[in-house]
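Peer 1:
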Ligand SMILES: Cc1cc2nc3c(=O)[nH]c(=O)nc-3n(C[C@H](O)[C@H](O)[C@H](O)COP(=O)(O)OP(=O)(O)OC[C@H]3O[C@@H](n4cnc5c(N)ncnc54)[C@H](O)[C@@H]3O)c2cc1C
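Residue numbers (my numbering): 2 to 343.
1) At what residues does the alpha helix (DSSP H) containing residue 73 begin and finish?
2) Do residue 363 and ligand 1 come close, with the Cβ less than 7 Å from some heavy atom?
3) Where residue 234 and residue 37 are concerned, what is the direct C-alpha to C-alpha distance, given to the nearest angstrom?
4) Can you give me the C-alpha to C-alpha distance between residue 208 and residue 158, rounded to a whole angstrom?
5) Which residue comes first and which comes last in the alpha helix (DSSP H) that contains residue 300?
6) Residue 257: beta carbon under 7 Å from a heavy atom of ligand 1?
7) What's the gap between the Cα of residue 34 and the Cα of residue 204?
8) Taking 7 Å as the cut-off, is the C-beta of residue 164 nearer than that to any heavy atom in ligand 1?
9) DSSP three-state label for residue 118, please.
10) By Cβ distance, which residues of its chain are closer than 6 Å to residue 251, with the 5 residues on each side in sequence left out?
11) Taking only heavy atoms of ligand 1 into account, decide whether any of them is closer than 7 Å to the Cβ of residue 68.
12) Cα separation between residue 57 and residue 103?
13) Please confirm whether residue 293 and residue 275 have their CB atoms less than 8 Å apart.
14) So the alpha helix (DSSP H) residue 100 belongs to, where does it begin and stop?
15) Could you give the C-beta distance for residue 172 and residue 199, rounded to a whole number, given that I count them as a contact under 8 Å?
16) Specify, as a first and last residue, the run of the alpha helix (DSSP H) that residue 332 falls within.
17) Give the straight-line distance between the Cα atoms of residue 114 and residue 9, rounded to the nearest whole angstrom.
18) Please confirm whether any heavy atom of ligand 1 lies closer than 7 Å to the CB of residue 86.
19) Could you check what DSSP says for residue 197 in three-state terms: helix, strand or coil?
20) Within this structure, are the beta carbons of residue 202 and residue 71 separated by less than 8 Å?
21) Please report the straight-line C-alpha distance between residue 82 and residue 68, rounded to a whole angstrom.
22) Could you tell me which residues DSSP puts in a beta bridge with residue 2?
The structure is reproduced here in structure tokens:
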């Protein structure tokens, strides 16, 4: 039986970041990805300045550095042009490729087309045949995590995200946020600018609105907004925000496998990077304490409170959205937002 100190299941942002931190350590590391590429996934491809604070993404894979935002409620809108970029867009495949390229160290072995099909307390089975033993196991295998199932940790809180990638040359690169109570309740629709295309999408909790209803509402909203989806590519995927801890003895759950995404916005790359990094640092030093991880957990908890407040505000939600946009148009608020970017 092959033996490794650490087996990481899944090579999304969380697994790749975990492997990068373990590079050049004395530990032997095996990173396993069931897909044929690293890091590709249904995603709007939007990063914030927080993400770039964790990994130093080079300019050549960034498609747009966005300074302009437009926030819409039913009756109003608020336009902002910040002095510095605060949103960055890229293709997930490119991010995965770049993260993979960071793994040059000899102690790291990374394999694609390798699915973990079974887990036991000291080994995994890959592709239904080969046994490989581990000392530490990191579940970075996303929403339908086999590692989470092995730990018998339920997965109850989720969003469903749906989106179209629409061809669009000569695009004015701005981020759009649409607060529309009628169609998306306490969630929202977004438009992220990409190279020669934009991604328009929305999320919601399928327990509060079925996936079919969300799709119908999304189409009704697209029609109302006169957004054509001709030639567009449709994708959907679940997003887990059911966080219940990340360290379970010698087994870790990071990224969406650990339920680290936001239940309000569906954003999850930043949380995946941080949790992947923290798992690696904890493997290297059992006493490692991370302020960033606590900050991520606090951030997600606040987002959840906002989501619940908006959800339960029912018929008042549309007025809250109008108020938010009025506030965003207030010069003092605008100045404050701008100063936080300079
Ligand atoms: C429509 C939509 C739009 C989104 N937009 C954004 C956005 O703009 N910004 C943002 O920050 N977040 C966004 N997200 C969320 C973001 O995509 C995820 O939170 C993020 O990808 C999670 O990273 P991860 O590394 O935890 O898991 P993943 O990226 O899901 O990676 C898990 C990997 O594990 C592999 N795997 C799974 N099972 C096995 C197995 N048994 N064996 C081997 N490998 C396995 C998978 O193939 C996959 O590559 C969006 C999500 C959706 C659905």
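A virtual CB, placed ideally from N, CA and C, is assigned to each residue, including glycine.
Peer 2: Let me lay it out:
1) Position 72 of the chain shown, counted from the start, is the residue given in the question as residue 73. Run containing residue 73: none in the alpha helix (DSSP H); it sits in the beta strand (DSSP E), 69-73.
2) This structure does not reach residue 363, given that the chain is present from 2 up to 343, and the question cannot be answered.
3) Here residue 234 refers to the residue found at position 233 of the chain shown. Here residue 37 refers to the residue found at position 36 of the chain shown. Rounded to whole angstroms, residue 234 to residue 37 spans 21 Å at the Cα level.
4) Taking the chain shown and counting its residues from 1, one reaches residue 208 at position 207. Taking the chain shown and counting its residues from 1, one reaches residue 158 at position 157. C-alpha separation (whole angstroms): 9 Å.
5) By one-based count along the chain shown, residue 300 stands at place 299. Taken as a continuous stretch (DSSP letters only), the alpha helix (DSSP H) holding residue 300 covers 292-313.
6) Translated into positions along the chain shown, residue 257 becomes position 256. Checking every heavy atom of ligand 1 against the Cβ of residue 257, one is found closer than 7 Å.
7) On the chain shown, residue 34 is found 33 positions in, with the first residue counted as 1. On the chain shown, residue 204 is found 203 positions in, with the first residue counted as 1. Those two C-alpha atoms are separated by around 26 Å.
8) Reading the chain shown from its first residue, position 163 is the one you call residue 164. Yes, Cβ of residue 164 sits closer than 7 Å to a heavy atom of ligand 1.
9) Against the chain shown, residue 118 aligns to sequence position 117. Reduced to three states, the DSSP call for residue 118 is strand.
10) Taking the chain shown and counting its residues from 1, one reaches residue 251 at position 250. 137.
11) For this step, residue 68 is matched to residue 67 along the chain shown. Residue 68 Cβ: outside cutoff for every heavy atom of ligand 1.
12) Locating residue 57 in the chain shown gives position 56, counting from the first residue. Locating residue 103 in the chain shown gives position 102, counting from the first residue. So the two alpha carbons sit approximately 11 Å from each other.
13) Reading the chain shown from its first residue, position 292 is the one you call residue 293. Reading the chain shown from its first residue, position 274 is the one you call residue 275. Yes, the Cβ-Cβ distance between residue 293 and residue 275 is below 8 Å.
14) Within the chain shown, residue 100 is the residue found at index 99, counting from 1. Per DSSP, residue 100 belongs to the alpha helix (DSSP H) from 93-102.
15) Taking the chain shown and counting its residues from 1, one reaches residue 172 at position 171. Taking the chain shown and counting its residues from 1, one reaches residue 199 at position 198. That belief holds up - the Cβ atoms of residue 172 and residue 199 are roughly 6 Å apart, short of 8 Å.
16) For the purposes of this step, residue 332 is identified with residue 331 of the chain shown, where counting begins at 1. Element bounds for residue 332: 332-340.
17) Within the chain shown, the letter at position 113 stands for residue 114. Within the chain shown, the letter at position 8 stands for residue 9. So the two alpha carbons sit approximately 14 Å from each other.
18) Taking the first residue of the chain shown as 1, we reach residue 86 at position 85. No - ligand 1 has no heavy atom lying nearer than 7 Å to the Cβ of residue 86.
19) One-based indexing of the chain shown puts residue 197 at position 196. The answer is coil: DSSP assigns residue 197 none of H, G, I, E or B.
20) Sequence index remark: in the chain shown, residue 202 carries index 201 (1-based). Sequence index remark: in the chain shown, residue 71 carries index 70 (1-based). No, these two residues do not count as a Cβ contact at 8 Å.
21) As a first step, residue 82 is located in the chain shown; it is residue number 81 there, counting from the start. As a first step, residue 68 is located in the chain shown; it is residue number 67 there, counting from the start. One C-alpha to the other measures close to 5 Å.
22) The residue given as residue 2 occupies position 1 in the chain shown. Paired residue(s): none; residue 2 is not in a bridge.
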